[in-house]
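In the UniProt record's numbering, each residue's number is its place in the sequence shown (first place is 1) plus 5.
Backbone N, C-alpha and C define an ideal beta-carbon position, used for all residues, glycine too.
Here's the structure, in structure tokens; my notes come after.
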Amino acid sequence: CQVVRLEDYAPSEFLVEKVHLTFELAERDTVVKTLMSLRRNPRSTNREQTLFLDGIDLKLRSLHIDGTPVADRDYRLDESGLYLFGVPDVFELQTEVIIQPQDNTVLEGLYCSGGMFCTQCEAEGFRRITFFPDRPDVMATYTTSIVADKKRYPVLLSNGNLLSSEDLPDGLHRVTWHDPFPKPSYLFALVAGDIVFEEGAFVTASGRSVALRVYLQRHNLGRGTHALEALKKAMLWDEKVFGLEYDLDLYMIVAVDDFNMGAMENKGLNIFNSKYVLADRETATDLDFQAIEEVVAHEYFHNWTGNRVTCRDWFQLSLKEGLTVFRDQQFSADEVARSLKRIHDVRLLRTVQFAEDSGPLAHPVRPEAYQEINNFYTATVYEKGAEIVRMLHNLLGKEMFRRGLELYFSRFDGTAVTIEDFVKAMEDAAQVDLSQFRLWYSQAGTPNIRATGNYDESSKEFCLRLQQGCAPTPGQSDKQPLHIPVAIGLLNSTGTEMPVCEVGHSGTDCDTTAILPLKKTEQVFRFKVSERPVPSLLRGFSAPVRLTYNYSDAELMFLTVHDSDPFNRWDAAQQLVTQVIMRGVDRMADGQAFMVEPVLIDAFRQVLHSSSKDRGLAAQMLMLPSENYLVDQRLRIDIDGICTVRRKLREALSDALHDEWASVRQACIKDTSAGYGFSPEEVGCRSLKNVCLSYLAAQSKAGFWPQVRQWLDEADNMTDRLALLTLLAEVENAESQTAFAQFYQRAKDIPLVLDKWFAVQSGARHPLIVDKIRRLLAHEDFNLCNPNRVRAVLHTFARGNLGGFHAPSGAGYHLVGDYVMKLDRLNPQVSASLAGSFSAWRRFDNDRSALMKEQLNKMFSTEGISRDLREIVQRSLQ
Ligand code: HT7
Ligand code: ZN
Numbered sequence: 006c007q008v009v010r011l012e013d014y015a016p017s018e019f020l021v022e023k024v025h026l027t028f029e030l031a032e033r034d035t036v037v038k039t040l041m042s043l044r045r046n047p048r049s050t051n052r053e054q055t056l057f058l059d060g061i062d063l064k065l066r067s068l069h070i071d072g073t074p075v076a077d078r079d080y081r082l083d084e085s086g087l088y089l090f091g092v093p094d095v096f097e098l099q100t101e102v103i104i105q106p107q108d109n110t111v112l113e114g115l116y117c118s119g120g121m122f123c124t125q126c127e128a129e130g131f132r133r134i135t136f137f138p139d140r141p142d143v144m145a146t147y148t149t150s151i152v153a154d155k156k157r158y159p160v161l162l163s164n165g166n167l168l169s170s171e172d173l174p175d176g177l178h179r180v181t182w183h184d185p186f187p188k189p190s191y192l193f194a195l196v197a198g199d200i201v202f203e204e205g206a207f208v209t210a211s212g213r214s215v216a217l218r219v220y221l222q223r224h225n226l227g228r229g230t231h232a233l234e235a236l237k238k239a240m241l242w243d244e245k246v247f248g249l250e251y252d253l254d255l256y257m258i259v260a261v262d263d264f265n266m267g268a269m270e271n272k273g274l275n276i277f278n279s280k281y282v283l284a285d286r287e288t289a290t291d292l293d294f295q296a297i298e299e300v301v302a303h304e305y306f307h308n309w310t311g312n313r314v315t316c317r318d319w320f321q322l323s324l325k326e327g328l329t330v331f332r333d334q335q336f337s338a339d340e341v342a343r344s345l346k347r348i349h350d351v352r353l354l355r356t357v358q359f360a361e362d363s364g365p366l367a368h369p370v371r372p373e374a375y376q377e378i379n380n381f382y383t384a385t386v387y388e389k390g391a392e393i394v395r396m397l398h399n400l401l402g403k404e405m406f407r408r409g410l411e412l413y414f415s416r417f418d419g420t421a422v423t424i425e426d427f428v429k430a431m432e433d434a435a436q437v438d439l440s441q442f443r444l445w446y447s448q449a450g451t452p453n454i455r456a457t458g459n460y461d462e463s464s465k466e467f468c469l470r471l472q473q474g475c476a477p478t479p480g481q482s483d484k485q486p487l488h489i490p491v492a493i494g495l496l497n498s499t500g501t502e503m504p505v506c507e508v509g510h511s512g513t514d515c516d517t518t519a520i521l522p523l524k525k526t527e528q529v530f531r532f533k534v535s536e537r538p539v540p541s542l543l544r545g546f547s548a549p550v551r552l553t554y555n556y557s558d559a560e561l562m563f564l565t566v567h568d569s570d571p572f573n574r575w576d577a578a579q580q581l582v583t584q585v586i587m588r589g590v591d592r593m594a595d596g597q598a599f600m601v602e603p604v605l606i607d608a609f610r611q612v613l614h615s616s617s618k619d620r621g622l623a624a625q626m627l628m629l630p631s632e633n634y635l636v637d638q639r640l641r642i643d644i645d646g647i648c649t650v651r652r653k654l655r656e657a658l659s660d661a662l663h664d665e666w667a668s669v670r671q672a673c674i675k676d677t678s679a680g681y682g683f684s685p686e687e688v689g690c691r692s693l694k695n696v697c698l699s700y701l702a703a704q705s706k707a708g709f710w711p712q713v714r715q716w717l718d719e720a721d722n723m724t725d726r727l728a729l730l731t732l733l734a735e736v737e738n739a740e741s742q743t744a745f746a747q748f749y750q751r752a753k754d755i756p757l758v759l760d761k762w763f764a765v766q767s768g769a770r771h772p773l774i775v776d777k778i779r780r781l782l783a784h785e786d787f788n789l790c791n792p793n794r795v796r797a798v799l800h801t802f803a804r805g806n807l808g809g810f811h812a813p814s815g816a817g818y819h820l821v822g823d824y825v826m827k828l829d830r831l832n833p834q835v836s837a838s839l840a841g842s843f844s845a846w847r848r849f850d851n852d853r854s855a856l857m858k859e860q861l862n863k864m865f866s867t868e869g870i871s872r873d874l875r876e877i878v879q880r881s882l883q
């Protein structure tokens with residue numbers, strides 16, 4: 006298979022200045038006419054007279070250069086594109102191709118979804134629309150004309166501003182759009198359909214009026230309001246925090262049901278998975294509302310970080326994604342409780358990105374080679390990329406970071422650049438040396454920091470030794486030390502923070518949090534403190550590392566109660582539970598019986614008693630670490646041990662604190678009795694109430710399930726309803742059966758709610774789960790062509806239901822393996838991501854390991870599998 010390498014990058018031989026596209030839309034045969042002006046790129050060193058244009062699944066109808074038909078001998082077609090021989094240095098190329106949107110199940114290029122046409126061009130979808138140098142460093146201005154049946158497709162949209170619209174004979178109409186900003190082809194978009202919009206307006210700081218429109222299918226009218234409000238907030242925030250304004254007169258968001266990822270930042274015309282647009286309290290949970298706000302903001306922020314300044318090549322993907330995720334995280338943190346947002350982000354990083362970074366699919370944030378770029382839209386590129394930008398932000402400080410960003414835009418607006426260009430702008434603006442820091446982009450793997458502390462009573466010095474290392478990752482066996490900012494605090498015995506003053510520091514201005522610059526393999530930091538401290542380490546998760554410190558249970562409990570950093574309070578609680586669970590797993594492996602350690606009951610009791618101070622945070626502290634997080638704590642995965650101990654611990658906590666769970670739940674209900682609201686306090690209340698409920702369910706008393714059924718009937722919002730349904734999914738009784746039947750009746754015409762109905766069942770811990778999944782896959786509403794539905798059933802099972810997927814018989818592996826292959830014929834992006842659930846096969850016990858490998862081998866030896874899947878399987882097996 007062909008490998009694309011960063012080191013082989015060469016500028017495009019030809020540049021495109023202007024493109025005029027004309028679409029004659031039809032489900033079967035859409036005609037795409039393209040007129041583009043090309044000229045030789047002065048930066049290209051290659052002087053060849055042959056021009057190559059990417060093109061996949063295009064039927065060529067005509068081809069002209071400067072108005073003259075191109076003779077057969079002057080061009081050649083193959084499955085990847087069009088070669089034109091002997092072209093002049095400057096010329097106009099006219100092509101006419103036919104494409105089949107109706108048969109497009111890969112959901113790249115132009116396709117049909119829910120009766121409408123839409124496009125997805127990132128990363129390499131534009132080549133499925135027309136012949137073109139489909140690479141991000143070719144930036145052109147686009148004019149787009151769309152001709153379609155007016156009755157069926159009254160709304161015709163593309164990037165930029167509306168130029169004209171007119172009626173044509175035979176019930177057709179034509180609309181023309183023009184986007185004045187040069188852009189790469191991956192930002193092109195088109196939508197056509199019988200859709201309606203919700204409208205808003207925004208006046209920018211410099212006085213430009215912008216019309217905001219959220220387009221949806223008619224039956225969803227009213228469900229776009231939250232997205233619209235989120236957009237306004239994001240626009241205001243970017244002006245306030247970074248001085249960045251929107252630059253067109255119109256900003257459109259369109260919700261579509263069939264979509265491979267979350268959303269797409271096409272210039273002026275974002276296309277969204279409807280999951281990240283549609284919401285009301287009947288159909289969306291609090292988490293859905295938050296996710297919509299994040300994704301809307303993320304796509305909006307791309308207008309500057311991604312669109313105005315874009316990537317030179319796809320190895321630079323994190324240039325736009327890491328930076329934009331960081332920006333959306335900051336935005337959300339300002340909108341909701343900051344610490345909760347950080348907990349949410351770090352949880353994702355630790356479970357998904359850390360696992361990726363320690364397995365065969367590990368790669369640097371700026372990868373060096375790929376077979377299929379779609380496989381690199383990963384947690385490493387996005388989330389670790391964002392952590393790197395966060396470290397920069399903290400190292401430089403808010404002001405200097407903003408100046409660095411301003412310098413970056415002044416240097417590169419309207420161009421396609423590299424991660425190095427970004428780092429250099431930061432370096433120049435702040436006048437700092439980031440040479441060692443750059444390694445974060447090129448070195449894969451999660452650094453491990455071993456911290457040890459020692460207090461000397463006589464000198465009153467606390468000595469903190471930090472040692473860093475990183476395990477080898479594919480293709481990178483030797484690792485160099487990174488520049489790691491480690492934020493720390495020091496607590497005295499009453500829990501008060503002491504100034505963190507390094508020995509030798511003159512003056513009295515020490516802060517209670519210091520950022521230690523760990524740059525060598527081993528460094529010792531000494532602090533002057535009046536008494537033996539309990540160190541609070543890696544505050545706010547100041548770097549994406551695994552840090553271990555030999556905390557006693559008592560110290561962790563102390564931090565849980567006293568640390569002034571709420572993130573670290575949560576983290577101390579998580580460490581304590583993790584420590585207890587892993588000890589339980591070890592005991593079980595030694596043949597000993599399970600027992601709950603009293604320290605944990607005490608810690609939980611304390612959190613529950615003080616939970617009214619911050620219910621959102623208490624809820625997070627009381628949630629047990631996920632199975633996914635726990636399995637990643639050891640190299641060798643004891644899946645049975647982890648699932649069993651975690652379940653038993655939950656039951657033991659349920660029992661031991663039964664009255665507390667019940668009374669805290671009641672207190673939450675009392676405080677939200679005024680009705681449904683969406684403030685952080687109300688969201689926190691619902692979250693704590695439902696955590697309590699889940700513990701109560703773990704050791705349910707007589708009459709509990711009928712009670713749950715009643716609560717379900719009374720629930721007035723999806724957050725509560727889904728929490729209740731999740732509990733019912735794990736039991737087999739009359740209440741559960743009727744609850745699922747009733748939920749289905751309410752959900753069956755609302756795809757996003759039906760996804761929840763599927764997902765809750767797929768994620769349930771249940772002895773017969775594999776049979777259940779089979780039934781769900783055979784359900785009339787299951788649809789292999791809809792990525793949301795596939796993810797609801799198969800990804801939820803393979804990635805989130807560890808006990809079921811890793812059933813010792815291998816039935817879970819068989820089922821998922823079969824579906825990977827079925828899916829691959831329809832949508833390789835989705836099948837490749839599902840196949841990733843086999844990548845950790847080496848870390849399991851011998852039997853499971855062999856069964857997982859068998860599935861990978863089966864995929865690998867199947868002829869005709871997609872490039873996407875082949876790459877994931879190959880790298881997993883290496
Ligand atoms: N930039 C986008 C990434 C993307 C994508 C989106 C939808 C469908 C397929 C896609 N391939 C790549 C989304 C983002 O990060 O904003
Ligand atoms: Zn993005």
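Three-state secondary structure assigned by DSSP to residue i
i	result
LYS156	coil
ILE644	helix
VAL208	strand
ARG751	helix
TRP182	strand
HIS349	helix
ALA492	strand
LYS429	helix
ILE674	helix
PHE532	strand
PHE380	In the sequence as presented, Phe is not what sits at residue 380; that position holds Asn. In the structure shown, ASN380 sits in a helix (DSSP, three-state: H, G or I).
CYS690	helix
Whole-number beta carbon distance between residue j and residue i, since they are thought to touch under 8 Å
i	j	result
VAL314	PHE442	So it is not a contact: roughly 21 Å between Cβ atoms.
VAL37	ILE134	6 Å
THR526	GLN472	7 Å
residue 886	LEU345	One cannot answer for residue 886 here, as it falls past the ends of the chain, which runs 6 to 883.
VAL825	LEU807	Not a contact, Cβ separation roughly 18 Å.
HIS307	LYS325	7 Å
GLN704	ASP660	5 Å
ARG33	GLN105	6 Å
ALA548	PRO486	ALA548 to PRO486, Cβ: 13 Å. No contact.
Cβ pair residue i, residue j closer than 9 Å
i	j	result
LEU20	LEU56	no
LEU820	LEU874	no
VAL143	ILE200	no
PRO452	VAL370	no
PHE843	LEU861	yes
PHE609	THR649	no
CYS316	ALA197	no
From the options, residue whose alpha carbon lies closest to that of residue i
i	options	result
ARG44	LYS272, LEU622, PHE96 and ILE297	PHE96
PHE207	SER678, TYR256 and LEU168	TYR256
ASN851	GLU244, ILE644 and VAL604	ILE644
THR385	PHE186, GLU361 and PRO522	GLU361
GLY458	LEU412, HIS510, VAL529 and LEU487	VAL529
LEU98	GLY480, SER118 and SER67	SER67
TYR305	ILE276, VAL422, GLU868 and ASP776	ILE276
THR27	THR181, ASP595, ARG52 and MET723	THR181
THR517	LYS524, VAL508, LEU523 and SER541	SER541
Inset, instruction - Pair every Cβ in the region 557-567 with every Cβ in the region 607-621, then say whether three or more of these pairs are closer than 8 Å. - result: yes
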